[in-house]
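A short write-up of the structure that comes next.
In this note's numbering, the protein residues as written are 73 to 577.
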């Protein structure tokens, strides 16, 4: 039986619904954590901004589109489908189209408080875009953050042209809307996601004239011991490459798209060879005609909710910032767990493994079950996590962006698209006005103050701010990302309608 019972689903706006565990994010990690906790008797609320389960990785078409085989564009669909069926039979509560904008902790232990005396209030706005006239507060005795990741975008001249989109964005268009970004799509950037995106595009009927990888793949050879633990991944990658070559895709290892050309939309790109620091090699430029570009340079963890609560962070091998978690997926904040890409990019299987570990640990903590000796299942999960995390770290090191990428830019290149802040203005803020971090650059230029709140330009602005503006002076990277709330846009009326609660921080 659940340790506590959720309030009536018909709870009016403004009243708080209470659960043992609140999970934010219904992707592989959040879904696995919610299932593990619910099957162990906890009452669980699973919140997500999308209408369906699966997150970004298992994004699939809306039922109204009539897709006959949505699994055709996914890897590991059977594992997700089995997890979804378990969730549907677990008695947990799915709260779709709930966009979490902040989380508040109780100042002190209260009657019924959960793990480590903690209790949490999760505030969300509802609707497809969070624009319904209703705000929701959900209370949990424990909190699991599984907020996933976002694409890392590195700008280049012409990247604001229509037809230039993120690699993950192209995949999302295809998976959820069954829409191709164009007929001839150059896939570019760095990281294993490129192969999956290119394969999905050719499966759906697009032509990929060029597969442009900035890093190449020789970095994997430095750790043959780690490669040996994941032979299936190597076979999968080789199969994708063979298939793409058979469909006419030309690989460009150690190259990058350094400029997009066009008037009304992209018509071609310039591809150039890169040196070991990711600077373009003069005289190696090649023009490739296309009508769309899908470009991405890996993923970065989405940890804004966690850092706003004071969670400890670490620098990953590819320069991103991730949360520090213990073997049970607990963060440094008592009563708060995290799983999946928030602890470091690693893929769906690793996310599911970490989610199950977290859900199991929360259930044991709230039920007062001793875990002096982990169960056989937990020991197996720990071994799987160690193996997958080692492979993930190898991938991150192999595809880490080189420090010389700002050499792609000219002073007129827009870095912050929302506020139209150019690389030249950021360079002036750093070199002439003394800015040495992303926050100061934002205050001087408005970079990151637009609608996306830095989610697109943030990594690039931070890199330019801490590396001398135009990549000429090396400065240490910041220790942690900026803390701020709200995590998503909310109306002033939503803030005004909140009832003051003296028990919340």
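We put the CB at the ideal spot given by N, CA and C, even for glycine.
Can you grab the Cα-Cα spacing for the pair residue i / residue j, in whole Å?
| i | j | result |
| --- | --- | --- |
| residue 425 | residue 133 | 25 Å |
| residue 318 | residue 279 | 11 Å |
| residue 404 | residue 394 | 12 Å |
| residue 399 | residue 150 | 27 Å |
| residue 461 | residue 335 | 44 Å |
| residue 239 | residue 288 | 17 Å |
| residue 413 | residue 518 | 29 Å |
| residue 297 | residue 448 | 25 Å |
| residue 346 | residue 475 | 12 Å |
| residue 431 | residue 441 | 13 Å |
| residue 420 | residue 220 | 10 Å |
| residue 373 | residue 382 | 16 Å |
| residue 270 | residue 316 | 8 Å |
| residue 495 | residue 477 | 12 Å |
| residue 329 | residue 171 | 35 Å |
| residue 526 | residue 260 | 22 Å |
| residue 384 | residue 193 | 20 Å |
| residue 225 | residue 125 | 26 Å |
| residue 263 | residue 471 | 6 Å |
| residue 295 | residue 304 | 16 Å |
| residue 530 | residue 520 | 6 Å |
Excluding the 5 residues flanking residue i on each side, which residues of the same chain have their C-beta closer than 6 Å to its C-beta?
| i | result |
| --- | --- |
| residue 166 | 118 |
| residue 102 | 95 and 218 |
| residue 564 | none |
| residue 354 | none |
| residue 454 | none |
| residue 152 | 130 |
| residue 402 | 409 |
Over the uninterrupted alpha helix (DSSP H) stretch that includes residue i, give me the two end residues.
| i | result |
| --- | --- |
| residue 345 | Here residue 345 belongs to no alpha helix (DSSP H); instead the beta strand (DSSP E) covers 338-345. |
| residue 296 | 296-299 |
| residue 159 | 149-160 |
| residue 216 | Per DSSP, residue 216 belongs to no alpha helix (DSSP H); it is in the beta strand (DSSP E), 207-217. |
| residue 359 | Taken as a continuous stretch (DSSP letters only), residue 359 belongs to no alpha helix (DSSP H), being part of the beta strand (DSSP E) at 358-361. |
| residue 535 | 530-538 |
| residue 515 | 510-517 |
| residue 283 | Element bounds for residue 283: not the alpha helix (DSSP H) but the beta strand (DSSP E), 282-285. |
| residue 385 | Residue 385 -> not in any alpha helix (DSSP H); beta strand (DSSP E) instead, spanning 385-387. |
| residue 426 | 420-439 |
| residue 464 | 448-470 |
| residue 497 | 495-503 |
Hey, would you say residue i sits closer than 9 Å to residue j, going by beta carbons?
| i | j | result |
| --- | --- | --- |
| residue 174 | residue 377 | yes |
| residue 209 | residue 190 | no |
| residue 361 | residue 281 | yes |
| residue 450 | residue 416 | no |
| residue 459 | residue 429 | no |
| residue 366 | residue 257 | yes |
| residue 235 | residue 364 | yes |
| residue 473 | residue 333 | no |
| residue 142 | residue 427 | no |
| residue 202 | residue 561 | yes |
| residue 116 | residue 106 | yes |
| residue 509 | residue 485 | no |
| residue 227 | residue 468 | no |
| residue 397 | residue 380 | no |
| residue 39 | residue 214 | Look at the range of the chain in this structure, 73 to 577, and you will see that residue 39 is not part of it. |
| residue 299 | residue 466 | yes |
| residue 323 | residue 283 | yes |
| residue 340 | residue 274 | no |
| residue 223 | residue 241 | yes |
| residue 357 | residue 147 | no |
The ligand ADP and residue i: does any heavy atom of the ligand fall closer than 8 Å to the residue's C-beta?
| i | result |
| --- | --- |
| residue 139 | The ligand ADP is not part of the structure shown, which contains no ligands of any sort. |
If residue i and residue j are in contact, beta carbons under 8 Å, what's the gap, nearest whole angstrom?
| i | j | result |
| --- | --- | --- |
| residue 350 | residue 286 | 6 Å |
| residue 267 | residue 233 | Actually they do not touch by this definition, with Cβ atoms about 25 Å apart. |
| residue 490 | residue 524 | 6 Å |
| residue 246 | residue 272 | 6 Å |
In chain order, what residues of the same chain have a beta carbon less than 8 Å from the beta carbon of residue i, not counting five sequence neighbours either side?
| i | result |
| --- | --- |
| residue 516 | 501, 505 and 507 |
| residue 244 | 128 and 131 |
| residue 326 | 285, 286, 287, 288, 345 and 346 |
| residue 543 | Confidence at residue 543 is low in this model, with a pLDDT of 45, below 50, so its placement is unreliable and the value that follows should be read with caution. Excluding positions up to five away in sequence, the list reads 475, 476, 477, 478, 479 and 536. |
| residue 198 | 169, 170, 171, 204, 206, 207 and 208 |
| residue 183 | Its pLDDT being 48, under 50, residue 183 is placed unreliably by the model, and the measurement read from it follows with that caveat. Counting only Cβ-Cβ distances below 8 Å, and skipping sequence neighbours, we find nothing. |
Who are the Cβ neighbours of residue i in its own chain at under 7 Å, not counting the five residues just before and after it?
| i | result |
| --- | --- |
| residue 49 | The question about residue 49 has no answer, for the chain in this structure spans 73 to 577. |
| residue 422 | 457, 460, 461 and 464 |
Could you tell me the boundaries of the beta strand (DSSP E) in which residue i lies?
| i | result |
| --- | --- |
| residue 410 | 408-410 |
| residue 197 | 192-198 |
| residue 112 | Unbroken run through residue 112: none, as it is neither H nor E. |
| residue 174 | 170-177 |
| residue 117 | 116-119 |
| residue 274 | Not the beta strand (DSSP E): residue 274 falls in the alpha helix (DSSP H), residues 265-275. |
| residue 167 | 165-167 |
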